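Each residue of the sequence shown is one higher than the last, beginning at 13 in my numbering.
Ideal placement from N, C-alpha and C gives every residue a C-beta, glycine not left out.
If you're wondering where the values come from, they're calculated on a predicted model, not measured in any experiment.
Here the structure is laid out as structure tokens; the discussion comes afterwards.
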Amino acid sequence: MTEATVLGRREGGVLVLTLNRPARLNSFNEAMHTELAAALDAAAADRSVRAVLLTGAGRAFCAGQDLSERQMGEGAGPPDLGDTLERLYNPLVRRLRALDRPVVCAVNGVAAGAGANVALACDIVLAARSASFIQAFCKIGLVPDSGGTFFLPRLVGDVRARGLALLGESLPAEKAAEWGLIWKAVDDERLEEEAMTLATHLASQPTRALGMIKRALDASAGNGLDAQLDLERDLQREAGRTEDYREGVRAFMEKRPARFGGS
Numbered sequence: 013m014t015e016a017t018v019l020g021r022r023e024g025g026v027l028v029l030t031l032n033r034p035a036r037l038n039s040f041n042e043a044m045h046t047e048l049a050a051a052l053d054a055a056a057a058d059r060s061v062r063a064v065l066l067t068g069a070g071r072a073f074c075a076g077q078d079l080s081e082r083q084m085g086e087g088a089g090p091p092d093l094g095d096t097l098e099r100l101y102n103p104l105v106r107r108l109r110a111l112d113r114p115v116v117c118a119v120n121g122v123a124a125g126a127g128a129n130v131a132l133a134c135d136i137v138l139a140a141r142s143a144s145f146i147q148a149f150c151k152i153g154l155v156p157d158s159g160g161t162f163f164l165p166r167l168v169g170d171v172r173a174r175g176l177a178l179l180g181e182s183l184p185a186e187k188a189a190e191w192g193l194i195w196k197a198v199d200d201e202r203l204e205e206e207a208m209t210l211a212t213h214l215a216s217q218p219t220r221a222l223g224m225i226k227r228a229l230d231a232s233a234g235n236g237l238d239a240q241l242d243l244e245r246d247l248q249r250e251a252g253r254t255e256d257y258r259e260g261v262r263a264f265m266e267k268r269p270a271r272f273g274g275s
């Protein structure tokens, strides 16, 4: 029996997804894309899932594309890498950004190429101190993909984005946190615990409001001020009609912790 390339388990309201090709540093092949897409689609359809935690098995988070799938035989034409992006990587990034629940990424080791940018597509990224981020594309004659040219300049600024993309140097997790590329670097032995604690906390919060926050922040990259103010108005109107908002106000007035149900 072929072992699953993505492992899933539930911890209360948290769906934990683990990339599971450790012998290949969790590099992507088509099977992993298929299984991860199915898991994220199932999460989107299941309102009992209130947060997702994405991590990797073994000593890496994800080394990007499995280049063994890209070996070109003698006389073969060049591969259509744009087709690979259109069918696999771009839909994955869109799924992560569109999921109306928070996605935490725990980077347990190297995150290289598309693996780095899939991590950056998540909402909150924690990394082990021994982990690193590498925009490895230039080393094999390619362009950063999977949202890399979108996320990098917005997270770390143009100067640092160009250095990372053009040099392909390894960026240690602690410096990634200092630069604002990720949320936090934590001790290796505490990564799993801290990531689960964070995901569990998010799963206990007003889920629909968190999804609206994601929508607003994503839209701000392309909106002018007037359009963003209009979007905030519309989302706030929607949020104000949720049961979680009513519970939040009741809890505030009664001076007790809120018990959000995610609706």
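Query                                                                                                          : Result
Cα-Cα separation, I194 to G127                                                                                 : 14 angstroms
Within 7 angstroms, strictly: CB atoms of A270 and E255                                                        : no
Inside the segment 135-192 only - beta strand (DSSP E) runs reaching at least 3 residues                       : 136-140, 144-146 and 182-184
Option in C74, Y101 and L93 with minimal Cα separation from C117                                               : C74
Segment contact flag, the segment 161-173 with the segment 56-74, C-beta cutoff 8 angstroms, min 3 pairs       : no
Inter-stretch contact at 8 angstroms, needing at least 3 Cβ pairs: the segment 92-107 / the segment 29-48      : yes
Touching by the beta-carbon criterion (3+ pairs, under 8 angstroms), the segment 175-184 and the segment 15-31 : no
Member of P218, E206 and V18 whose CA lies at the smallest distance from the CA of G252                        : P218
G223 and R106 closer than 7 angstroms at C-beta                                                                : no
Distance between beta carbons of V64 and V115, contact taken as under 8 angstroms                              : 5 angstroms
G125 beta carbon less than 7 angstroms from that of F149                                                       : yes
Paired residues, beta bridge with R227 - DSSP                                                                  : The partner list for R227 (beta bridge, DSSP) is empty, contrary to what the question assumes.
Sheet register partners of Q77 (DSSP bridge)                                                                   : F40
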